[in-house]
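The structure appears below as structure tokens.
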Amino acid sequence: MLSSKPFNPTGILAAATYTIFSMLSLTLWIPIYDHKVVPLLRRITGKGGITILQRMGFGIFLTVLSSLVSAFIEQRRRKLVFTNPALGIYSERGLISSMSALWLVPQLSLAGLAEAFCAIGQVEFNYKQFPENMKSIAGACARWYKGSDDTSSVTLKMGRKNVEKHFV
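Here you go:
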């Protein structure tokens, strides 16, 4: 995938910078949810709005929706690679798609919204449902799990690079 020229004159934007879209949607959604959506839901339901588990369930639904959007975009990208590859750009690993990398924004934004619902719902669940002496342990375990997930991802990528360098 290629970056659009108006955003970056060279046409190449580091892949790691696209995660900003999920962070932006997360950061922008939280105040909107707290100040607009929650009061509206309280008026509609007459209670405290939606429950913590409903919030987490909606976050999981958004994760599935993000995966479906991702699959649709990947299918379109693969079709474009073989029918209309990027002209004048060659890679030793194969063809490069002429599709703009900004097509990643919708799925990353949905992932940020899913994170807003799931992660914040999980923290709220830990602090409201656990006994007083277990609240900090539950929160720490949730963060540890997220950190171990990120660490294992980095470890797998490093291992793959070493294997490719020495055996391929």
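First residue of the sequence shown? That's 8 in my numbering, and the numbers climb one at a time after it. Every residue, glycine too, gets a C-beta built ideally from N, C-alpha and C.
- With respect to the 8 angstroms criterion, G56 and V45 are classified as neighbours on the basis of their beta carbons.
- Taking a C-beta distance under 8 angstroms as the contact criterion, E122 and L33 qualify as a contact pair.
- By the Cβ rule, the segment 108-123 does not count as touching the segment 133-145, because fewer than three pairs are nearer than 8 angstroms.
- If you ignore the 5 residues before and after A23, its C-beta comes within less than 7 angstroms of no other C-beta in its own chain.
- Annotation for G64: the continuous alpha helix (DSSP H) segment containing it runs I59 to T90.
- Judged by DSSP in its simplified three-state form, S107 adopts strand.
- Inter-residue distance for Q61 and C125 is about 10 angstroms (C-alpha atoms, whole angstroms).
- In the DSSP assignment, M30 falls within the unbroken alpha helix (DSSP H) covering I27 to I39.
- G166 and I27 have their C-alpha atoms spaced approximately 26 angstroms apart.
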